[in-house]
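Enquirer:
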Amino acid sequence: MKRVVSVSLGSARRDHRVVVNLLGEEFEVQRQGTDGDLEAAEHRIRELDGMVDAIGLGGIDVYLFAGDRRYELRDGLRLKQAAVRSPVVDGSGVKRTLEPDAVRYLVEEAHLISPASRVLMVSALDRYFMAEAFVEAGCPTTFGDLIFALGMPYPIHTLEELAQIARKMLPELAKMPFNMLYPTGKEQEAAPSERFAQYYQEADVVAGDFHYLRKFLPARMDGKLVLTQTVTREDVEDLRRRGTAYLVTTTPEMEGRSFATNVIEGILVALLGKPPEDVTAEEYRELLHRLDFRPRVEALNVP
Amino acid sequence: MVTHQDLVHSLRSFRENCNANLQLKAMNRDWNRVIHVRVTDFTSEHTIVMREGHMEVQEGAPECADMIVSGPGGVLVDVFGGGVSPTEPYLAGELQVRGSQEDILRLDFISLMIWGE
């Protein structure tokens, strides 16, 4: 049996374990949260190194992208480098294919998004290829990176401005403790504030990281499509109560949970049996096709 | 050895660059704060006032501050003058910033928007 463990900076309350059969291989897939404790995550990765087929990094990114540049987050890199035998992935490899393909599917096949759909991407730097796909589809898109990461009411409307700000910010901000930039541990369980509700209200589609998305989630989300991942059953019910029309997760559901892209990338790397840096986008796409991994569309409040 | 006057020049330069940047002005339109800048290795205190995206700098300490930025004069001159980014001295403990986490990030952001890249 192959083992993939996602070590997450998120809350341990979201931990889970499933056994699945993928292309004839049994996989034990686990998520282990460390409640925002970076030291504990690093320690756990060292323990797992060489004992598992792949380690996923959850609740933290190693790489962010904007324009033609890639930025390394210091804390993410530290965790990645804690293992030397097992491959460590943060999901950024599969995000290049899985997420833009999900947008194209929703526009071209499911017809749930049109070029007229107004999109709020809560953060584009961690999902740059999804952001590009929305722009390519012609959707008026708001990138909420400054709103959601820094609490600054400044919506970004073009990829060019996003890349320009990233060039100034990210080489330095990437050195800051990750928990200053992103909700980790118990912060993920805090009740949403309505401080930036207006940006949700102006959108037809709200997309991106679920913890950011939840941070300012308004009481009513009537008629909106949410495109995200790593939602629990409780999260789905919460979105349903708020009137969300559709919930689309970019990753497949396993036993009631949509797994994070780092887990999916861990599975793919374990199946391919090669170092993640040697895997091409095309290899990921071909394998995702063979696995029949496609976005999961759930109609929550559709007459 | 830097002097009080060197820090005055650095802060003026910081203010002029901040006020000339229209993008930054729009970004900070909601951020009204009083920031106390205090040198730890000689006597020199300053006040930065942010109001609706506009920055003012005055010599002397404020009566009441939302944030306190302190450190050796050389570090403060470099940080406000764009000689170094605030991130490294902040992480190294040479630059102390007291305030809410969101305000600390915002001040770092302003500095990077002015001097970054």
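If you're matching them up, the sequences are chains A and B in order. All residue numbers for the first sequence refer to our numbering, where the first residue is 63 and numbers rise by one. All residue numbers for the second sequence refer to our numbering, where the first residue is 26 and numbers rise by one. For each residue, glycine too, the CB sits at the ideal point set by N, CA and C.
Three or more C-beta pairs under 8 Å: does that hold for the stretch 247 to 261 of chain A against the stretch 88 to 103 of chain A?
Expert: Verdict: yes, contact present.
Enquirer: So E142(B) and R75(A) are supposed to be a Cβ contact under 8 Å. How far apart are they, rounded?
Expert: Actually they do not touch by this definition, with Cβ atoms about 40 Å apart.
Enquirer: By how many angstroms is the C-alpha of P254(A) removed from the C-alpha of D207(A)?
Expert: 17 Å
Enquirer: Looking only at C-alpha atoms, which of G96(B), E81(B) and A51(B) sits nearest to I73(B)?
Expert: Looking at the Cα atoms, E81(B) is the closest of the given residues.
Enquirer: Taking 8 Å as the CB-CB limit, is A51(B) close to chain C?
Expert: Of the protein chains in the structure, A and B, none is chain C.
Enquirer: Check whether the Cβ of E234(A) lies closer than 8 Å to any Cβ atom in chain B.
Expert: yes
Enquirer: When you compare the CB of E41(B) with every CB in chain A, is at least one pair closer than 8 Å?
Expert: no
Enquirer: At what residues does the alpha helix (DSSP H) containing G118(A) begin and finish?
Expert: No alpha helix (DSSP H) contains G118(A), which is instead part of the beta strand (DSSP E) from A116 to G120.
Enquirer: What is the DSSP secondary structure of N241(A), reduced to helix, strand or coil?
Expert: Helix at N241(A).
Enquirer: CA-CA distance, R63(B) and D55(B)?
Expert: 25 Å
Enquirer: Can you find a C-beta in chain A that's less than 8 Å from the C-beta of R131(B)?
Expert: yes
Enquirer: Can you tell me whether E113(B) is helix, strand or coil according to DSSP?
Expert: E113(B): helix per DSSP, three-state reduction.
Enquirer: May I ask you to report which of helix, strand or coil DSSP gives R189(A)?
Expert: coil
Enquirer: With a CB to CB cut of under 8 Å and the five nearest residues on each side skipped, what residues in its chain are close to E70(B)?
Expert: H61, V62, R63, V64, E84, G85 and A86
Enquirer: Just the chain B side, please: which residues come within less than 7 Å of L350(A) by C-beta, in chain order?
Expert: None at all; the shortest Cβ gap to chain B is about 36 Å.
Enquirer: In chain order, what residues of the same chain lie with their CB nearer than 6 Å to the CB of F205(A), ignoring the 5 residues before and after it?
Expert: M183, A186, I218 and L224
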